[in-house]
Amino acid sequence: MTSSTDWPLWEVFVRSRRGLSHTHAGSLHAPDARMALRNARDLYTRRNEGVSVWVVPSAAITASSPDEKDPFFEPAADKPYRHPTFYEIPEGVKHL
Amino acid sequence: MTRTAALALGDDALVLSHRLGEWAGHAPVLEEEVALANIALDLLGQARTLLSMAGDEDELAYLREERAFTNTQLTEQPNGDFAHTIARQLYFSVYQHLLYAQLAAGNGPFAPLAAKAVKETAYHRDHAEHWTLRLGDGTEESHRRMQHALDALWRYTGELFEPVEGVAVDWAALREDWLTLVGGTLREATLTLPQGPQGDAWTAGAGRQGIHTEPFGRMLAEMQHLHRSHPGASW
Amino acid sequence: MTTTVPHTATPEAVFDAAVAADERIEPRDWMPDAYRATLVRQIAQHAHSEIIGMQPEANWITRAPSLRRKAILMAKVQDEAGHGLYLYSAAETLGVDREELLDKLHSGRQRYSSIFNYPTLTWADVGAIGWLVDGAAITNQVPLCRCSYGPYARAMVRICKEESFHQRQGYELLLALSRGTEAQHAMAQDAVNRWWWPSLMMFGPPDEQSAHSGQSMAWKIKRHSNDELRQRFVDICVPQAESLGLTLPDPALRWNEERGHYDFGPIDWDEFNEVLRGNGPCNAERLAQRRAAHENGAWVRDAATAYAAKHATAHQEDRA
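Shown next as structure tokens:
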């Protein structure tokens, strides 16, 4: 077996229309960034799904670990005062 | 006049699309299955529009004899290895892109089609150029195969610049631009622009007159067989 | 919205609670080894099926009888390559490499759907594959959109959305033949006769013999049993066949008022097992073609790798 197809893995992000952010669509293999971009265009926008594509080497992504889930995200859960629905405003007050 | 031109351009697109369709299930890497099919589908779409300008698309595709097809011989050349397919793509897509760009800028009968197709062919060209770079400047083997393919197909390129009646473009400028672009890509890919004749009566280049190479007859036999076996049927 | 599990819970308890609460498991979550192995096996088999499944239909691209049909068929075969890629991408989130999975396919250590070991003998087979084979696949796949493993479920959502045209084009193709000339009608009926039973086998062995079903259901990888899905498919197909003006090749097929379902005849599981074992009409050819494509492409992949190494820092597309 050759090891020729050890083409690196790329993560693909597609902006579906102007005004929206890029969203993760999936991954693919490509030898370099330019081919990755081309492959992403062919694979993930066959049905007009995109107006812009990003490709990122999967190896370049640093992710939060699921083990850190609680310390990472739970502290935000008990700060309801960050959300507008926390506040009571008398009826009839506008533009607030 | 428009009919002659529509057939010539339509046959090019139809025949090359068919050849690319033969790759389905055989591509060197899965991503390339998708890419080659995209190009084939674009070309088939162009062919359908062009043939419909000349008559009924299916009658023209399935019921004409070999001698009535006016595609260039380059488009009918068998796929060969991936290098041959890429060399054929490079030669043809640069030509087609330049041709459609000129047509799109004019106001003749092909301007609306060309305006759409020029975007498609820009991508086909880009695909061919990127692969030419990778095969030319990849490994020793890929370089050898790519140079061989470029040399082998070179003699079919002259015909691309024979004026087609009803196609209002500056053919001399087209040829010059084509040489510059193809030459530039080959240089960057560490490949050599072939030096042989670009086709004459003794080598190649009579597709527009309905003279084709032997493999084309077999290609048509396969393409037309089912349609012809059921005269008058609709599908 | 979130599952409440005590902070001290074992990873296994966290996993079980998430599955029980119908939450999705994501790539970096802890998961039982057997869950991971089951998913890798299933997703890989599914991906391989898409890739091998290109062959019987690609067999007709060069002979499609109208340009409209040719465009449809090319787009469909292309979609299958795309679906294979989505699925390999989902499998790779589980820590396996596509190359490794392709190796296993090429060496026969991983399977693909047996249905693709039957030949496409006439143009009508393209229609029968669309209607019956894709129809059965969709019946199987729709519940997978809710599978407990996130990347697989998301791939299936995309695939199901794209596949909705596959089944319809097959049905439309058969309808044109059925309403066409006598020869065309006969071609359509012949294709349905040959593809009906293999399509029913696509749902896998009967529930009492299905090796992996129980655990997969518990893990919510699978949502319905083989027999349930098979029955659903039969119930859908019978009226569709009537509208086509074609018959299904099963004399035992009749409405059962009491069950509220169609009864159907016994399936030839010997045939199923033979094809599974590699003795189907096209097993050897399908694998040989796949291997040849891969081997003949090695120099191309090598070239691109070599080029990338030489130009590692040279290229940068427009910045986002």
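Protein chains in written order, with the working numbering: chain E, 1 to 96; chain Z, 1001 to 1235; chain C, 2001 to 2320. Beta carbons: idealized from backbone N, C-alpha and C, even for Gly.
Quiz item: Which whole-angstrom value is the C-beta distance of Z:M1223 and Z:E1076, which I expect to be below 8 angstroms?
Solution: About 11 angstroms separates the Cβ atoms of Z:M1223 and Z:E1076, ruling out a contact at the 8 angstroms cut-off.
Practice problem: Indicate whether at least one CB of chain C lies closer than 8 angstroms to the CB of Z:L1007. | Solution: no
Quiz item: Residues of chain E with CB under 8 angstroms from Z:H1127, in chain order?
Solution: R38
Quiz item: Can we say the segment 2178-2194 of chain C touches the segment 2251-2267 of chain C, given the rule of at least three CB pairs closer than 8 angstroms?
Solution: No contact exists between the segment 2178-2194 of chain C and the segment 2251-2267 of chain C.
Quiz item: Under 8 angstroms between C-beta atoms, does E:R47 make it to chain Z?
Solution: no
Quiz item: Just curious, the beta strand (DSSP E) that E:G26 is in, first and last residue?
Solution: 23-29
Exercise. Please find out if some non-hydrogen atom of the ligand GTP comes closer than 7 angstroms to the beta-carbon of Z:T1132.
Key: This structure does not include the ligand GTP; it has no bound ligands of any sort.
Quiz item: CA-CA distance, C:S2216 and C:S2049?
Solution: The alpha-carbon separation between C:S2216 and C:S2049 amounts to approximately 20 angstroms.
Exercise. Spell out the partners DSSP gives C:I2025 in its beta bridges.
Key: Per DSSP, the beta bridge partners of C:I2025 are C:Y2149.
Quiz item: Can you name the residues of chain C whose CB is closer than 7 angstroms to the CB of Z:H1225?
Solution: R2063
Self-check item: Z:F1110 in three-state terms, based on DSSP
Solution: coil
Exercise. Specify whether the segment 1080-1095 of chain Z and the segment 1145-1157 of chain Z touch according to this definition: at least 3 beta carbon pairs, one from each stretch, less than 8 angstroms apart.
Key: yes
Quiz prompt | Coil, strand or helix - Z:H1230 by DSSP | solution = Reduced to three states, the DSSP call for Z:H1230 is coil.
Quiz item: How many whole angstroms separate the CB atoms of Z:D1011 and Z:F1069, which I take to be in contact at a CB cut-off of 8 angstroms?
Solution: 5 angstroms
Practice problem: Have a look at E:H22, E:H83, E:I89 and flag the residue whose alpha-carbon is nearest the alpha-carbon of E:V51. | Solution: E:H22
Practice problem: Rank C:A2064, C:P2239, C:S2164, C:Y2118 by C-alpha distance to the C-alpha of C:T2341 and give the top, closest one. | Solution: Not covered by the structure: residue 2341 of chain C. The range shown for chain C is 2001 to 2320.
Quiz item: On the three-state DSSP scale, how would you describe C:S2225?
Solution: coil
Exercise. Run the CB neighbour count on E:H29, radius 10 Å, all protein chains shown included, and call it buried at 16 or more, exposed below.
Key: buried
Practice problem: Could you name the residues of chain Z that E:A30 contacts, counting a contact when the two beta carbons are closer than 8 angstroms? | Solution: E1031
Quiz item: Should Z:L1186 be labelled buried (16 or more other beta-carbon atoms within 10 Å of its own) or exposed?
Solution: buried
Practice problem: Say whether chain Z places a C-beta atom closer than 8 angstroms to the C-beta of C:M2074. | Solution: Yes - at least one Cβ of chain Z is within 8 angstroms of the one on C:M2074.
Quiz prompt | Straight-line Cα distance separating E:R82 from E:A76 | solution = E:A76 and E:R82: Cα-Cα distance of roughly 9 angstroms.
Quiz item: In whole angstroms, what is the alpha-carbon distance linking Z:E1066 and Z:R1208?
Solution: Note on geometry: alpha-carbon atoms of Z:E1066 and Z:R1208 lie some 12 angstroms from one another.
Quiz item: If C:A2188 sits next to C:L2200, beta carbons under 8 angstroms apart, how far is it from one beta carbon to the other, in whole angstroms?
Solution: At roughly 19 angstroms, the Cβ-Cβ gap does not stay under 8 angstroms, so C:A2188 and C:L2200 are not in contact.
Practice problem: Starting from C:D2097, find everything on chain Z with Cβ-Cβ shorter than 8 angstroms and list it in chain order. | Solution: Within 8 angstroms Cβ-Cβ: nothing; C:D2097 doesn't reach chain Z, min ~14 angstroms.
Quiz item: Which partner residues does C:W2255 have in the DSSP bridge list?
Solution: C:Y2262
Quiz item: So with Cβ pairs under 8 angstroms, would you call E:W7 a contact of chain C?
Solution: At least one C-beta of chain C is nearer than 8 angstroms to the C-beta of E:W7.
Quiz item: Can you name the start and end residues of the alpha helix (DSSP H) that Z:S1142 belongs to?
Solution: 1140-1154
Quiz item: Using DSSP with H/G/I as helix, E/B as strand and the rest coil, what is Z:V1167?
Solution: coil
Quiz item: Is DSSP giving E:R47 helix, strand or coil here?
Solution: The three-state secondary structure of E:R47, taken from DSSP, is coil.
Quiz item: Per DSSP, what kind of secondary structure is C:W2060 in: helix, strand or coil?
Solution: coil
Quiz item: beta strand (DSSP E) containing E:E152: first to last residue?
Solution: Outside the shown range of chain E (1 to 96) lies residue 152 of chain E, about which nothing can therefore be said.
Exercise. Identify which residue in C:E2099, C:I2043, C:E2208 has its Cα closest to the Cα of C:R2111.
Key: Here the closest residue by C-alpha is C:I2043.
Exercise. Tell me, please, whether the CB atom of Z:N1038 is closer than 8 angstroms to any CB atom in chain E?
Key: yes
Practice problem: Determine the contact status of Z:L1014 and Z:A1040, defining contact as a CB-CB distance below 8 angstroms. | Solution: no
Practice problem: Give every residue of the same chain whose Cβ lies closer than 8 angstroms to the Cβ of Z:T1139, excluding the five residues on either side of it in the sequence, and list them in chain order. | Solution: none
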